[in-house]
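To start, the structure itself, in structure tokens.
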Amino acid sequence: MAVDPVCGMYVEETTHLQAEVRGRRYFFCAESCMNTFLRPEVELRRLRWMVIFSFALGIPTMVLAFVPPPISVSTLNYILFLLATPVQFWPGSRFYLGFRDAIKNRAANMDVLIAVGTSAAWGYSTIVTFAPSVFGDPATYFETAAIIIGLILLGKYAEEFTKGKAGDALRKLMDLQPRTATVLRDGQEIQVPVEQVAVGDLLVVRPGERIPVDGTILEGFSAVDESMITGESLPVDKKPGDEVIGATINKQGLLRVRAAKVGSDTALAQIIKLVEDAQLSRAPIQRLADKAASIFVPAVVGIGLLTFALWYTWIDPGIFIRALIPFIAVLIIACPCALGIATPAALMVGTGKGAENGLLIKGGEYLEKARRITTIVFDKTGTLTKGKPAVTDVVPLEGATSEGILHLAASAERGSEHPIAEAIVRKATEQNLRLSEPQGFEAIPGHGVRATVDGTKVLLGNRKLMEQLGPLPPEAEEELTRLEQGGKTAMILAADGRVLGLVAVADTPKDSAVPAIQALRKMGIEVVMLTGDNRRTAEAIARQLSIDKVIPEVVPGEKAEVIKKLQGEGKVVAMVGDGINDAPALAQSDVGIAIGSGTDIAMEAGGIVLIKDDLRDVVGSVQLSRRTVGKIKQNLFWAFFYNTALIPIAAAGFLDPILAGAAMGFSSVSVVSNSLLLRRFRPSV
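Counting from 0, one number per residue, gives the positions in the sequence shown under numbering that gives the first Met the number 0.
Structure follows, in structure tokens:
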């Protein structure tokens, strides 16, 4: 059994949620407690009491030290000892634990400086109190140790508070998850906790309720607000057979939904996991900071000891306290606490802000790499284009009308399941044309269709199909060539043996493609289109998208090789894709960017996932990366500059240890505050 650190209940260690914090394993009795763990409330509460306790005893210690009452010095020192010692060993215990861990791991950290500095002040004062003849000086510095501990903990409290604000995006996501679900069992509607919903359960979702889990609509029609996933403000119309996402809102009708993904498999749970993992990850730049700190801390201890030696042997020979005070000040002011949070604070805010904008960044490594991208390779179908053909041109010939051609073509294709046929029928439906029922429908594989519409014999297909009618009219030949050069699939329509016009179909670019590509080029990033199309079709689409470099006729298995070749040229390559066949290329690239509307495999392989099917988010991810890494560099610079610049002042004896503690705490708060400025980030495309 173990005690839940949030609610205090005893829970089974083997059956409950677990988490490791500061080397200690905690067990949580419910997901609501885990949610609380993700917030810094437990640490905040503990720190708050430590700060209050430190100042409640530290301030009277300082007042008595600077304005002594009319009592003997020895009595005053006993009182100061009684006030300062609890501060040294309860609030100060966190620094001793950190010091112990540092010794155990043979890696010096910030706690070493604080523990050594405050212990030196308290230890010297304790010896003076109980053995005043040792140093021959009745002055004590209990207030220095107590106030420094209080000030540093106050800085850490502010740090935890502001870091809590950095995790707002994650908490907002977690709060979206419904707590209960209405399940239809044995003809009865029963309310159950959402954790008890199983795959295959039939759920009832009323208007205004959140859909509990991912599933498929069996009955009902409604508009569903999916803004929490897609960012789109307009509700999406849903009908039987459509998929719905857990935590989205049913706006109108009554729905019956078959549960498909539950628990950790739901889209929301996956998003939360990605954001949480990213916020806990360590970027390469963080490892660099850790390495620097491991060198910096021993160096500071050495400088502190040298300072002590110089004061004791040369500046004020033989006066121990005159050497001790600068020694403590050096250790405290040099403490690089701000260095330790410079990277995590910015990463937490950056990844959280990304989640708010539909950019899921799986880790600090990808966030840092994205700023160095020199080339972005886009898969064409389903990424740059909509992934399904659409009618782009209806060209009437010999006095025919566009409506008449579309009516005959769509009526003839009503019996076909070919994607081109579906595109033609969809176009006619969008124009509210009344379609006729075809008679004698015949699909001619690889060529087109033959049917009778309203007594007219209709032939719709490619050039080879029309060869049975003889040579095409010059006007038709000219238009056909023009459309094919534009990368479109042109279908020729003939009625009763006479060519009436052409219908062109193409996989059209997404609305967001051109703005995204133009923005990337302005940022100095090379854009490449990768496709299996022939060169002429590929170049025609590239012209529409303002893409200069095209790699055509690439079979799925060769995509990763193309990425590898570009990397061999010294380029930092990002791959943007959405399909299963894009997964190897996404994994091979320096930064894989998966479209959220794509396959689960593609999203697993990508380092960045775009929740919305909007290519402008590719630009946003690069902008966020550059902004976040910029903040990290600012934090690291000021953390190092601030600490190192004041070391000579402290060593020269011009900086009181108490002021050094206040200044050091302020540096940590300033680093976190600088990171929080990322909350203002808005992608600009």
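Note that CB positions come from ideal geometry on N, CA and C, so glycine has one too.
Owing to the predicted nature of the structure, the values given are computational and were not obtained by experimental measurement.
First and last residue of the uninterrupted beta strand (DSSP E) at residue i
{"i": "Asp506", "result": "Arg497 to Pro508"}
{"i": "Val549", "result": "Lys548 to Ile550"}
{"i": "Ile592", "result": "Val590 to Ile594"}
{"i": "Gln187", "result": "Gln187 to Pro192"}
{"i": "Ala246", "result": "Note, Ala246: premise wrong, no beta strand (DSSP E); not H, not E."}
{"i": "Gln87", "result": "Segment Val72 to Phe88 is the alpha helix (DSSP H) holding Gln87; no beta strand (DSSP E) there."}
{"i": "Thr181", "result": "Thr179 to Arg184"}
{"i": "Gln438", "result": "Gln438 to Ile443"}
{"i": "Leu254", "result": "Leu254 to Lys260"}
{"i": "Glu218", "result": "Asp213 to Glu218"}
{"i": "Leu202", "result": "Leu201 to Val204"}
{"i": "Arg449", "result": "Gly447 to Val452"}
Supposed close pair residue i, residue j - CB separation, criterion 8 Å
{"i": "Val553", "j": "Thr530", "result": "7 Å"}
{"i": "Ala145", "j": "Ile327", "result": "Wrong, their Cβ atoms sit about 13 Å apart, outside the cutoff."}
{"i": "Thr215", "j": "Gly252", "result": "Actually they do not touch by this definition, with Cβ atoms about 16 Å apart."}
{"i": "Leu383", "j": "Ala512", "result": "5 Å"}
{"i": "Ala539", "j": "Gln484", "result": "7 Å"}
{"i": "Ala475", "j": "Val448", "result": "In fact, because the Cβ distance is near 18 Å, the residues do not count as touching under 8 Å."}
{"i": "Thr627", "j": "Leu358", "result": "Actually they do not touch by this definition, with Cβ atoms about 11 Å apart."}
{"i": "Ile210", "j": "Val203", "result": "The Cβ separation is near 11 Å, so there is no contact."}
{"i": "Ile148", "j": "Pro90", "result": "5 Å"}
{"i": "Asp378", "j": "Asp613", "result": "That belief does not hold up - the Cβ atoms of Asp378 and Asp613 are roughly 16 Å apart, past 8 Å."}
{"i": "Leu267", "j": "Leu175", "result": "6 Å"}
Selected residue, minimal CA-CA separation from residue i, among the options
{"i": "Met465", "options": "Glu218, Asp495, Gly439 and Gly569", "result": "Asp495"}
{"i": "Leu405", "options": "Asn431, Ile332 and Pro388", "result": "Asn431"}
{"i": "Leu459", "options": "Glu476, Phe440 and Pro473", "result": "Phe440"}
{"i": "Ala422", "options": "Gln438, Glu436 and Lys385", "result": "Lys385"}
{"i": "Pro472", "options": "Glu483, Asp453, Leu492 and Thr455", "result": "Leu492"}
{"i": "Ser435", "options": "Ala408, Ala420 and Asn461", "result": "Ala408"}
{"i": "Lys456", "options": "Leu468, Arg462 and Lys463", "result": "Leu468"}
{"i": "Arg625", "options": "Lys368, Val348 and Lys487", "result": "Lys368"}
{"i": "Ile375", "options": "Ile419, Ile360 and Lys548", "result": "Lys548"}
{"i": "Lys630", "options": "Lys611, Asp612 and Ser672", "result": "Ser672"}
{"i": "Leu519", "options": "Ala180, Glu477, Ala130 and Val618", "result": "Val618"}
{"i": "Thr391", "options": "Lys426, His417, Val256 and Asp378", "result": "Lys426"}
{"i": "Gln438", "options": "Gly500, Arg413 and Lys352", "result": "Arg413"}
{"i": "Leu711", "options": "Arg99, Gly351, Asn104 and Val86", "result": "Outside the displayed range of the chain (0 to 684) lies residue 711, so it cannot be described from this structure."}
{"i": "Gln517", "options": "Arg497, Gln543 and Arg534", "result": "Gln543"}
{"i": "Lys250", "options": "Val256, Glu208, Ala101 and Glu242", "result": "Glu208"}
{"i": "Leu343", "options": "Val670, Phe680 and Pro682", "result": "It should be noted that the sequence gives Pro, not Leu, for residue 343. Selected option, being the one with the closest Cα: Val670."}
{"i": "Glu42", "options": "Ala450, Glu242, Glu568 and Lys155", "result": "Lys155"}
{"i": "Thr652", "options": "Ala322, Val502, Arg615 and Ala442", "result": "For the sequence presented, residue 652 should be read as Gly rather than Thr. Nearest C-alpha to Gly652: Ala322."}
{"i": "Leu330", "options": "Ile320, Gly353 and Ala298", "result": "Ala298"}
{"i": "Leu479", "options": "Leu501, Leu396 and Gly606", "result": "Leu501"}
{"i": "Lys238", "options": "Thr247, His417 and Gly219", "result": "Gly219"}
First through last residue of the alpha helix (DSSP H) which encompasses residue i
{"i": "Arg481", "result": "Pro473 to Gln484"}
{"i": "Ile491", "result": "From DSSP, Ile491 is part of no alpha helix (DSSP H) but of the beta strand (DSSP E) over Thr488 to Ala494."}
{"i": "Ser92", "result": "Ser92 to Asn104"}
{"i": "Leu464", "result": "Arg462 to Met465"}
{"i": "Gly317", "result": "Element bounds for Gly317: n/a, residue is neither H nor E."}
{"i": "Leu585", "result": "Ala582 to Gln587"}
{"i": "Ile562", "result": "Lys558 to Gly567"}
{"i": "Ile607", "result": "That residue, Ile607, is in no alpha helix (DSSP H); its beta strand (DSSP E) goes Ile607 to Leu609."}
Same chain, Cβ closer than 7 Å to residue i, neighbours up to 5 away in sequence not counted
{"i": "Ala559", "result": "Pro583, Ala584 and Gln587"}
{"i": "Lys563", "result": "Gln587"}
{"i": "Leu654", "result": "Ala328, Ile332, Leu645 and Ile648"}
{"i": "Ile546", "result": "Ile516, Val526 and Met528"}
{"i": "Asp110", "result": "Phe94, Gly97, Phe98 and Ala101"}
Residues near residue i by beta carbon distance below 6 Å, same chain, minus five either side
{"i": "Phe141", "result": "Thr60, Leu79, Ala83 and Ser124"}
{"i": "Ala541", "result": "Met528 and Val549"}
{"i": "Val212", "result": "Val196, Gly245, Ala258, Val261 and Thr265"}
{"i": "Asp589", "result": "Lys368, Val571 and Val572"}
{"i": "Val235", "result": "Val223 and Glu225"}
{"i": "Arg370", "result": "Ser624, Arg625 and Val628"}
{"i": "Gly353", "result": "Ile360 and Leu623"}
Min CB distance residue i to chain B below 8 Å
{"i": "Glu436", "result": "Given the protein chain composition of this structure (a single chain), no chain B is represented."}
Cβ neighbours of residue i in the same chain (closer than 8 Å, five flanking residues each side left out)
{"i": "Leu188", "result": "For clarity, residue 188 is Glu in the given sequence; the question names Leu instead. Only Thr181, Val182 and Val203 meet the Cβ criterion."}
{"i": "Gln633", "result": "Asn673"}
For this session: Give, in chain order, every unbroken run of the beta strand (DSSP E) that is at least 3 residues long and sits entirely within the segment 337-370.
Result: Uninterrupted beta strand (DSSP E) stretches at least 3 residues long and entirely within the segment 337-370 occur at 358-360, given in chain order.
Exercise. Counting only runs that start and end within the segment 366-429, where is the alpha helix (DSSP H) found for 4 or more residues in a row?
Worked result: 401-412 and 418-429
Problem set entry | alpha helix (DSSP H) runs wholly inside the segment 524-549, at least 4 long, in chain order | 534-544
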